[in-house]
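Trainee: One structure follows; several queries about it will come next.
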Amino acid sequence: MSVHGDPIPMTARRGAALSGTAEVPGDKSISHRALILGALSVGETRITGLLEGQDVLDTAHAMRAMGAEVTHHGPGEWTVQGVGVGGFAEPADVIDCGNSGTGVRLIMGAMATCPITATFTGDASLRKRPMGRVTDPLALFGAQAVGRAGGRLPMTIVGAAQPVPVRYSVPVPSAQVKSAVLLAGLNAPGETVVIEREATRDHTERMLAGFGAEIRVEDSDEGRIITLTGQPELTPQTIAVPRDPSSAAFPVCAALIVEGSDVLVPGIGLNPTRAGLFTTLREMGAGLTYENEREEGGEPVADLRARFSPDMRGIEVPPERAPSMIDEYPILSVVAAFAQGPTVMRGIKELRVKESDRIAAMADGLTACGARVETGADWMTVHGMGPGGLPGGATCATHLDHRIAMSFLVAGLAAQAPVTVDDAGPIATSFPVFEPLMERLGATFDGAERCV
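Using UniProt numbering, the first residue of the sequence shown is number 1, and each one after it goes up by one.
Okay, here's the thing in structure tokens:
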């Protein structure tokens, strides 16, 4: 499956029940961070289970361009010979981060306090996304950013020659912004402090501690206060990347809405800052259970078993849960269409500035498929039509967004008539084995033979 080149239409249609085991790829968020922190360590970091989607491969290429030795040894197995904190070399060419907002923002943060200059670009989707939310706090360290109007890529970052530590309150819940500031703080003297009013995914804090950084997290009246002591010597690690809960969402949700299905999705990371979707599904009455709960690499993990759930009912999702499931609202909106009654999602304005305007994209596609959807600036309500009730029969625009594409393909597996997406190519950025994995479970896709 390729993210580049001509559009690759694909159609999903109702077929047999889904069954079997879905071994989804490694966690994308952890994969990005493992490569970057490995590059900032002194010595060799070994990584297993790395997601080899295009987004993560672009980050690996960027680390090579900045002087780290990044080697692929086999499926999911990589080593990174780091250059140390502050040791990045100036890249000889433009850094192309493809479709990845996480990749570009974290890399900007990691190099912003190094005395080098780097220019970043991406695909058409990434070039539309705002970078000011990251470059504004990086300027406090002494970095300079010059980009297109509206703070968009292509953009050149001139790293601070004499960085200073900062105290920064994140204005919107964003793990990317928080992480960029923390990574910049690694090469600033003294203590860098990040304050977030709402907790977001904490992989960066966990991994920084694992690599030997001095970092502490406290709760206060201001919110969650994260304090990082700068200029450590990071120690290389051996990292086993858990399987990605955002990818697991698709086979899990497909099993819940396709009649007769029973699917096991093993080894899924259940970090509480990431597991909001699964909590929400269980509150809706989904037949979703956690088996073999354990801890791997400092992260809680379990095997997920999902069974067809004809009695799911719509709920009002607590807005404070949004940071823990922000990438999963598109697929939740599909499940909501097969539940009974309305599902109300509030506090989701961040979806407007993802790879696409995900509120608009899902509302348009679900409406075309026959659902009733209401939206506002930061909310969406999907009126459920019950199991098998979505008419389908539409072609849905993906807007170069992998999660929109996969969400509508899942919808097509349970709708009355097939659902087509105009371009399945972007799926390769995060879940390159989505199509064969789903087909092994029993999914029926047309156009798959072109996705190579």
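The beta-carbon is built from N, C-alpha and C at its ideal position, and this holds for glycine as well.
When the cut-off is 8 angstroms and only beta carbons count, does G260 lie next to chain C?
Mentor: Among the protein chains of the structure shown there is no chain C, as only one such chain exists.
Trainee: Excluding the 5 residues flanking E44 on each side, which residues of the same chain have their C-beta closer than 6 angstroms to its C-beta?
Mentor: The residue you call residue 44 lines up with position 44 of the sequence shown. Same-chain partners within the cutoff: T79, Q81 and P236.
Trainee: Throw me the rounded Cβ distance for the G53 and F431 pair, which I believe falls under 8 angstroms.
Mentor: Residue numbering aside, residue 53 sits at position 53 when the sequence shown is read from its first letter. Residue numbering aside, residue 431 sits at position 431 when the sequence shown is read from its first letter. That pair is a contact at about 6 angstroms.
Trainee: For H72, count the other beta carbons within 10 Å of its own beta carbon; 16 or more makes it buried, fewer makes it exposed. Which is it?
Mentor: For the purposes of this step, residue 72 is identified with residue 72 of the sequence shown, where counting begins at 1. So H72 counts as exposed.
Trainee: When the Cα atoms are used, what is the spatial distance from A240 to L50?
Mentor: Indexing the sequence shown from 1 puts residue 240 at position 240. Indexing the sequence shown from 1 puts residue 50 at position 50. Taking the straight line from one Cα to the other gives about 8 angstroms.
Trainee: Distance, Cα to Cα, A225 vs E214?
Mentor: The residue labelled residue 225 in the question sits at position 225 within the sequence shown. The residue labelled residue 214 in the question sits at position 214 within the sequence shown. In the sequence on display, residue 225 carries Ile and not Ala. Rounded to the nearest angstrom, the two C-alpha atoms are 14 angstroms apart.
Trainee: If you drop the 5 nearest sequence neighbours on each side, which residues of the same chain put their C-beta closer than 6 angstroms to that of V193?
Mentor: In the sequence shown, counting from the first residue as 1, residue 193 sits at position 193. Closer than 6 angstroms at Cβ, skipping near neighbours: R167 and T227.
Trainee: Tell me the rounded alpha-carbon separation between M380 and T343.
Mentor: The residue you call residue 380 lines up with position 380 of the sequence shown. The residue you call residue 343 lines up with position 343 of the sequence shown. Rounded to whole angstroms, M380 to T343 spans 8 angstroms at the Cα level.
Trainee: In its own chain, which residues sit with a C-beta less than 6 angstroms from the C-beta of M207, not counting the 5 before and 5 after it?
Mentor: As a first step, residue 207 is located in the sequence shown; it is residue number 207 there, counting from the start. Taken in chain order, the residues that qualify are R33 and L37.
Trainee: Distance check for A443 and R64, CA to CA, integer angstroms please.
Mentor: In the sequence shown, counting from the first residue as 1, residue 64 sits at position 64. In the sequence shown, counting from the first residue as 1, residue 443 sits at position 443. Cα to Cα, the separation comes out at about 38 angstroms.
Trainee: Near G101, what residues of its chain come up, given a Cβ to Cβ distance below 6 angstroms and the 5 sequence neighbours on each side ignored?
Mentor: Residue numbering aside, residue 101 sits at position 101 when the sequence shown is read from its first letter. Correct list, in chain order: R129.
Trainee: Using DSSP with H/G/I as helix, E/B as strand and the rest coil, what is P426?
Mentor: Position 426 of the sequence shown, counting from 1, holds the residue named residue 426. In this structure, P426 counts as helix in the three-state DSSP scheme.
Trainee: If we count the other Cβ atoms within 10 Å of its Cβ and call it buried at 16 or more, is D423 buried or exposed?
Mentor: For the purposes of this step, residue 423 is taken as the residue at position 423 of the sequence shown. By the 10 Å Cβ count, D423 comes out buried.
Trainee: Closest to A414 by C-alpha separation, out of A336, H399, F88 and G347, would be which residue?
Mentor: Translated into the one-based positions of the sequence shown, residue 414 becomes position 414. Nearest option by C-alpha distance: A336.
Trainee: So G287 packs on R307, CB below 8 angstroms; how close in whole Å?
Mentor: In the sequence shown, residue 287 corresponds to position 287, counting from 1. In the sequence shown, residue 307 corresponds to position 307, counting from 1. Confirmed, Cβ separation roughly 4 angstroms.
Trainee: For the alpha helix (DSSP H) holding F141, just list the boundary residues, first then last.
Mentor: Translated into positions along the sequence shown, residue 141 becomes position 141. Looking at the DSSP string, the run of the alpha helix (DSSP H) that includes F141 is G132 to F141.
Trainee: Rank A139, P251 and E293 by C-alpha distance to the C-alpha of V181 and give the top, closest one.
Mentor: Looking up residue 181 in the sequence shown gives position 181. Answer by Cα proximity: A139.
Trainee: Where does E355 sit, in a helix, a strand or coil, going by DSSP?
Mentor: For this step, residue 355 is matched to residue 355 along the sequence shown. Looking at E355 - three-state DSSP - the assignment turns out to be coil, as it is neither helix nor strand.
Trainee: To which residues of the same chain is G147 closer than 8 angstroms at the C-beta, ignoring the five residues directly before and after it?
Mentor: Counted from its first residue, the sequence shown places residue 147 at position 147. Closer than 8 angstroms at the Cβ level, and outside the excluded window around G147, lie M131, T135, L153, P154, M155 and T156.
Trainee: How big is the Cα-Cα spacing for R14 and Y329?
Mentor: Here residue 14 corresponds to residue number 14 of the sequence shown, with the count starting at 1. Here residue 329 corresponds to residue number 329 of the sequence shown, with the count starting at 1. Roughly 22 angstroms separates the two Cα atoms.
Trainee: Specify the secondary structure class of H383 as computed by DSSP and reduced to three states.
Mentor: As a first step, residue 383 must be located in the sequence shown, where it is residue number 383. Strand at H383.
Trainee: If you draw a straight line from the C-alpha of R371 to the C-alpha of I257, how long is it?
Mentor: For this step, residue 371 is matched to residue 371 along the sequence shown. For this step, residue 257 is matched to residue 257 along the sequence shown. Looking at the sequence itself, residue 371 is Ala, so the reference to Arg does not match. Going by the C-alpha atoms only, they are around 15 angstroms apart.
Trainee: Assuming G260 contacts E299 under a Cβ cut-off of 8 angstroms, what Cβ separation, rounded to an integer in Å, is found between them?
Mentor: Numbered from 1 along the sequence shown, position 260 holds the residue referred to as residue 260. Numbered from 1 along the sequence shown, position 299 holds the residue referred to as residue 299. Not confirmed; about 33 angstroms, so no contact.
Trainee: Is DSSP giving V452 helix, strand or coil here?
Mentor: Stepping through the sequence shown from its first residue, residue 452 is reached at position 452. The predicted model places V452 with a pLDDT of 33, which falls under 50 and marks its position as unreliable; any figure quoted below should be read in that light. Coil.
Trainee: When DSSP labels each residue in this structure, what does T59 get in the three-state scheme?
Mentor: Here residue 59 corresponds to residue number 59 of the sequence shown, with the count starting at 1. In this structure, T59 counts as helix in the three-state DSSP scheme.
Trainee: In whole angstroms, give me the CA-to-CA distance for F338 and T11.
Mentor: Your numbering for residue 338 matches position 338 in the sequence shown. Your numbering for residue 11 matches position 11 in the sequence shown. Each residue's Cα considered, the two are about 19 angstroms apart.
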